[in-house]
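Here is the structure we will look at, set down as structure tokens.
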Amino acid sequence: MMKTTIQEIDGNMVATLEGILDTAAAPETAKAMEPLNDVEGKDIIIDCTKLEYISSSGLRIFLDVLQHVEDKGGHVYIKGLTDDVRAVFAITGFINLFEFK
Amino acid sequence: MNKVLDFIRKKLSVKVSLGVVFFAAIIFTIALGYFFYQSREAVRQEAVNRASQILDKTSLRVEGILNRVEVATNIAEWLVQRHPDKADSMFVYSRGMLLNNPDFYNCSIAFEPYFFKDQGRYFSAYSKHVGDTIRTTQGGSDNYQYFFMDWYLMPTLLDKPCWTEPYIDIDVATNTSEMVTSYCKAIKDKQGKVIGVINTSLSLNWLSQTISATKPYPHSYSIMIGRGGTYFVHPDTTKITRQTIFTQTLEKEDTALTALGHAMQRGEEGVKQMMVNEKNCYVFYKPLGQTGCSMAIVCPETDIFGGFDRLRQTVMAIVFVGLVLMLYFFIRIITRELKPLRRLAKEAENIASGKLDVELPKFERIDEIGQLSQSFGNMQQSLVKYIEELKDTTAQKVSIERDLNIASDIQMGMLPEQFPTKDDRDDVQLFASLTPAKAVGGDLFDFYFRDEKLFFCIGDVSGKGVPASLFMAVTRSVFRTVSAHESMPDRIMNTINKTMVDMNKTHMFVTLFVGVLDLPTGRLYYSNAGHDAPLLVGAGVGVLTCNPNIPIGVRRNWKYSLQESKIFTGTTIFLFTDGLTEAMDANREQFKMERVDEVARQALNNHQQEPKQIIDVMTDAVHQFVGDAEQSDDLTMMAIQYIKQQSDVRMRKSIALTNDIQQVPRLNDFVKEVCETVEMSHEDTLKMKVAIEEAVVNVMKYAYPAGTTGDVTVEAASNDVRLKFTIIDSGKPFDPTVQADVDTTLSAKDRRIGGLGIHIIRQYMDSINYERMDNLNVLTLRKKLQVSNIET
Numbered sequence: 006m007m008k009t010t011i012q013e014i015d016g017n018m019v020a021t022l023e024g025i026l027d028t029a030a031a032p033e034t035a036k037a038m039e040p041l042n043d044v045e046g047k048d049i050i051i052d053c054t055k056l057e058y059i060s061s062s063g064l065r066i067f068l069d070v071l072q073h074v075e076d077k078g079g080h081v082y083i084k085g086l087t088d089d090v091r092a093v094f095a096i097t098g099f100i101n102l103f104e105f106k
Numbered sequence: 002m003n004k005v006l007d008f009i010r011k012k013l014s015v016k017v018s019l020g021v022v023f024f025a026a027i028i029f030t031i032a033l034g035y036f037f038y039q040s041r042e043a044v045r046q047e048a049v050n051r052a053s054q055i056l057d058k059t060s061l062r063v064e065g066i067l068n069r070v071e072v073a074t075n076i077a078e079w080l081v082q083r084h085p086d087k088a089d090s091m092f093v094y095s096r097g098m099l100l101n102n103p104d105f106y107n108c109s110i111a112f113e114p115y116f117f118k119d120q121g122r123y124f125s126a127y128s129k130h131v132g133d134t135i136r137t138t139q140g141g142s143d144n145y146q147y148f149f150m151d152w153y154l155m156p157t158l159l160d161k162p163c164w165t166e167p168y169i170d171i172d173v174a175t176n177t178s179e180m181v182t183s184y185c186k187a188i189k190d191k192q193g194k195v196i197g198v199i200n201t202s203l204s205l206n207w208l209s210q211t212i213s214a215t216k217p218y219p220h221s222y223s224i225m226i227g228r229g230g231t232y233f234v235h236p237d238t239t240k241i242t243r244q245t246i247f248t249q250t251l252e253k254e255d256t257a258l259t260a261l262g263h264a265m266q267r268g269e270e271g272v273k274q275m276m277v278n279e280k281n282c283y284v285f286y287k288p289l290g291q292t293g294c295s296m297a298i299v300c301p302e303t304d305i306f307g308g309f310d311r312l313r314q315t316v317m318a319i320v321f322v323g324l325v326l327m328l329y330f331f332i333r334i335i336t337r338e339l340k341p342l343r344r345l346a347k348e349a350e351n352i353a354s355g356k357l358d359v360e361l362p363k364f365e366r367i368d369e370i371g372q373l374s375q376s377f378g379n380m381q382q383s384l385v386k387y388i389e390e391l392k393d394t395t396a397q398k399v400s401i402e403r404d405l406n407i408a409s410d411i412q413m414g415m416l417p418e419q420f421p422t423k424d425d426r427d428d429v430q431l432f433a434s435l436t437p438a439k440a441v442g443g444d445l446f447d448f449y450f451r452d453e454k455l456f457f458c459i460g461d462v463s464g465k466g467v468p469a470s471l472f473m474a475v476t477r478s479v480f481r482t483v484s485a486h487e488s489m490p491d492r493i494m495n496t497i498n499k500t501m502v503d504m505n506k507t508h509m510f511v512t513l514f515v516g517v518l519d520l521p522t523g524r525l526y527y528s529n530a531g532h533d534a535p536l537l538v539g540a541g542v543g544v545l546t547c548n549p550n551i552p553i554g555v556r557r558n559w560k561y562s563l564q565e566s567k568i569f570t571g572t573t574i575f576l577f578t579d580g581l582t583e584a585m586d587a588n589r590e591q592f593k594m595e596r597v598d599e600v601a602r603q604a605l606n607n608h609q610q611e612p613k614q615i616i617d618v619m620t621d622a623v624h625q626f627v628g629d630a631e632q633s634d635d636l637t638m639m640a641i642q643y644i645k646q647q648s649d650v651r652m653r654k655s656i657a658l659t660n661d662i663q664q665v666p667r668l669n670d671f672v673k674e675v676c677e678t679v680e681m682s683h684e685d686t687l688k689m690k691v692a693i694e695e696a697v698v699n700v701m702k703y704a705y706p707a708g709t710t711g712d713v714t715v716e717a718a719s720n721d722v723r724l725k726f727t728i729i730d731s732g733k734p735f736d737p738t739v740q741a742d743v744d745t746t747l748s749a750k751d752r753r754i755g756g757l758g759i760h761i762i763r764q765y766m767d768s769i770n771y772e773r774m775d776n777l778n779v780l781t782l783r784k785k786l787q788v789s790n791i792e793t
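So the protein lines, in turn, are chains A and B. For the first sequence, the working numbering assigns the number 6 to the initial residue and increments by one for each residue that follows. For the second sequence, the working numbering assigns the number 2 to the initial residue and increments by one for each residue that follows.
Given below as structure tokens:
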């Protein structure tokens, strides 16, 4: 149900999330996102244009990435949030943690 | 007159002086009165003695003169009897008589007619003082036939010598007359035949002068009367021989004078006090030997007491002047002595008017006034000190009162002010009132909604005022803190109790009723720590049964029991503190539970069981009962009416899952299907999906030990108003509703991973309710349906 792709575009690491990021899909997605934890000197863009659903398990993955990148002085940008997902980001205060493109 | 009296009353000096002088005047009056009386008596006695002496002396003198006349006459008689034949010798004898007695007026030795043959019919040897010489002549003649005279006939006829009544003796030779009295004695020859008469005269004028010569007092005078009362001696010479002592009484009756006349005629001796010529006089009288005459000395009282009266007037004048001077000096002295007092009085007036820094006069005195001045100074200092202290105290009191008012505001601010009514909610309406007896009180009430439950409490801290209010504030915040994570009243109560016992050093306690009303079901869970049992006003009026638990703050390990009751729609729970039942009227009679009960019944009968109505009715009843009496205790009332109308279930679905997160998509599909059934919007559907996933994943992850399989059942039901999800599992007891909420404002670094799920549930659902029933965890989540959903 969930598809995760990581590519380097214009010197930035871009992670594209597609589908429904529920608790069931979370462990798989977390694993797919792990390479981002090792990225240094580059900004990370998470493309959520096609992310339809997210639960707190999914939010933990976002927080995990953010904490790793911020430790190294990098930035995490989120791109193209759908209204449904944005509502969850808003209700949890996550909307204040990330920068949006 | 009143002004004078006023002046005297106001002036101490005048008052005291007048008193002293008045007293002195009385003493003087008594002493002098006695003295004057006694002196007057003495003077009178002295006057009597003196007058008597003079009278005696005068009388002796007169008697001496008379005796001398008689003796001289006897001698002359003897000489005549020796040589009766020699006529010329008679001239010698007569002349000798006057020579020897110059005070005699005249002397005649007269003989019977033709006694001397050669001398003719008349022979009278007559001698009389003329100037300093004695003239001796023959006195008888045709013109003066002496043997027919009284003085010649009386001794002859009476045959004894005698004194004549006064008569006028006319001296032919010198043509002078004189009032005289004569001693006449007949001369007899050897045969006893009368041959002549010897006549020796005394001038009455002379006698009178002699008698009057000695005067005891300047204005005293002497009188002498004869046998018939004729005046012989009197200062008024016209009265002599012409008037008697009684003459005056003929014109005007005068018993005193008449009595005096008679007494003198009788030859008595004595003293009489009487009016003579309109003057008060003392009259001393005494007879004069054998002459039948009586003499008296008249002494005017003014003469006797003149000196005395002058002395008396002088003394009285001195005393009067003395008293006046005494009054004057007393007033002066006392005024001078009291002058400091007047200054003190003035300064006291100044101090009284608020000038506390007035400099007091310094007196170099050690008497009472000095002491008073010193005491006054001390009083002034003390007064200044006390007023300073009073100012401080007052300022402190004002400050305390201000603080107390602020405290009261804070306390009242702690209490909920917004009460939900049926316009706000469809399940419950509530009203409460708290009236402290003092600025701050020890009663408390509180309520709030959480997870479609009404948490409420009412309590009463022992005591009143600030300590009670502080304890009340603590109790109320502990209630809030504890009930945020605990939904069962008994556990809330236990935790509150432990907390309060640990901080209760003053041994205060609180009676507390904690209730949790599950709004969807109307199930009331409660625990009562020694508080008054609430009334249930519904079909009737009844008391909510309460277990006897001890108040909060007494025993740390006391287990408070949980009770449960079903509240039917329309029933009002009426809670109150003992300020209601123990409200006292002026006679200190209490309102009592019976009256509360009765008022509640009346309210019910009048369909006034809505919270505000029932509290208003109760408040009015209490005010009417108490009247003007002071409120004795804090009065708190809270009424909760359950008004939820149960709706018919329209939809019921369920899904059974295991603790495998791979089943989450199935769950989400189930939720989506339920939401579609109740025609929920896309947005709300997403929220339901997220919320239910979080709740179920929580159970899947934590309810069962890792590696074991457990079940999770999700039931969905709806009526016209709400959609309800019930998540049931048989895992370990776990209440997700008491988890601390996440802080969504923290930075990524500080954010904990976890706690997000329950946060999302709370945000997306209208209520969340956890119950542990029959070894099952039962979590109920409710979401209100939008009206549009129902209509479409």
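Just so it is clear, CB atoms sit at the ideal spot from N, CA and C, and this is done for glycine as well. These numbers come from a predicted model, not from an experiment.
Cα atoms of B/Ser-213 and B/Trp-152: separation of roughly 27 angstroms, rounded to the nearest angstrom. Of all residues in the stretch 684–702 of chain B, only Glu-684, Leu-687, Lys-688, Lys-690, Val-691, Glu-694, Glu-695, Val-697, Val-698, Met-701, Lys-702 come within less than 9 angstroms of chain A when Cβ atoms are compared, listed by chain position. According to DSSP, A/Thr-10 shares a beta bridge with A/Thr-21. The beta carbon of B/Asn-606 does not come within 8 angstroms of any beta carbon belonging to chain A, so the residue lies off that interface. The C-beta separation of B/Arg-477 from B/Met-413 comes to about 12 angstroms, leaving the pair out of contact by the 8 angstroms criterion. Note that the C-beta distance between B/Tyr-765 and B/Ala-692 is below 8 angstroms.
DSSP places B/Arg-313 within a helical segment (H, G or I) once states are collapsed to three. Within the same chain, Gly-24, Ile-25, Thr-87, Asp-89, Val-90 come within 8 angstroms of A/Glu-57 by CB-CB distance, once the 5 residues on both sides are set aside. Interface criterion met: the Cβ of B/Ile-662 is under 8 angstroms from a Cβ in chain A. Shown here for B/Thr-245: same chain residues with a beta carbon closer than 8 angstroms to its own, the five before and five after excluded, namely Ile-226, Gly-229, Gly-230, Thr-231, Tyr-232, Gly-262 in chain order. When Cβ-Cβ separations below 8 angstroms define contact, A/Ile-96 makes contact with chain B. With respect to chain B, the C-beta atom of A/Val-93 has a partner C-beta closer than 8 angstroms. With a cutoff of 8 angstroms on beta-carbon distance, A/Val-74 and A/Ile-51 are scored as not near each other.
B/Leu-786 sits close to B/Arg-723, with the two beta carbons spaced by under 8 angstroms. Separation of B/Thr-134 and B/Tyr-106 (C-alpha to C-alpha, rounded to the nearest whole angstrom) is 12 angstroms.
Close partners of B/Asn-558 in chain A (Cβ separation under 7 angstroms) are lacking, with about 40 angstroms as the shortest Cβ gap.
Approximately 6 angstroms separates the beta-carbon atoms of B/Glu-695 and A/Ser-61; this is inside 8 angstroms, confirming the contact. Proximity of B/Pro-666 to chain A, defined by a Cβ-Cβ separation below 8 angstroms, is satisfied. By the Cβ neighbour-count rule, B/Asp-368 is exposed, with fewer than 16 other Cβ atoms within 10 Å of its own.
For B/Leu-757, the nearest beta carbon of chain A is closer than 8 angstroms to its own beta carbon. With contacts defined by Cβ atoms closer than 8 angstroms, B/Phe-577 and B/Met-652 do not form a contacting pair.
At least 8 angstroms separates the beta-carbon of B/Val-5 from that of B/Phe-331. Think of a sphere of 9 angstroms around the beta carbon of B/Gln-764: the chain A residues whose beta carbon falls inside it are Ile-96, Thr-97, in chain order. Contact of A/Asp-27 with chain B is assigned, a C-beta pair being separated by under 8 angstroms. Going by C-alpha positions, B/Glu-350 is about 14 angstroms away from B/Pro-341. According to the DSSP assignment, B/Tyr-38 belongs to the alpha helix (DSSP H) that extends over 13–83. Between B/Asp-685 and B/Phe-626, the C-beta spacing is not below 8 angstroms. Approximately 22 angstroms separates the beta-carbon atoms of A/Asp-69 and B/Pro-666; this is outside 8 angstroms, ruling out the contact.
By the neighbour-count definition (other C-beta atoms within 10 Å, threshold 16), B/Lys-733 is an exposed residue. The shortest CA-to-CA distance from A/Asp-15 to any of A/Gly-79, A/Ala-31, A/Lys-47, A/His-80 is the one to A/Lys-47.
Between the C-alpha atoms of B/Thr-714 and B/Ser-655 there is a straight-line separation of about 7 angstroms. Distances from the CA of B/Ser-528 to each of B/Phe-480, B/Asp-503, B/Val-542 were compared; the closest alpha carbon is that of B/Phe-480.
Uninterrupted beta strand (DSSP E) stretches at least 3 residues long and entirely within the stretch 451–511 of chain B occur at 454–462, given in chain order. The beta carbons of B/Phe-285 and B/Leu-56 sit closer together than 8 angstroms. With respect to chain B, the C-beta atom of A/Leu-64 has a partner C-beta closer than 8 angstroms.
The bridge partners DSSP lists for B/Asp-579 come to none.
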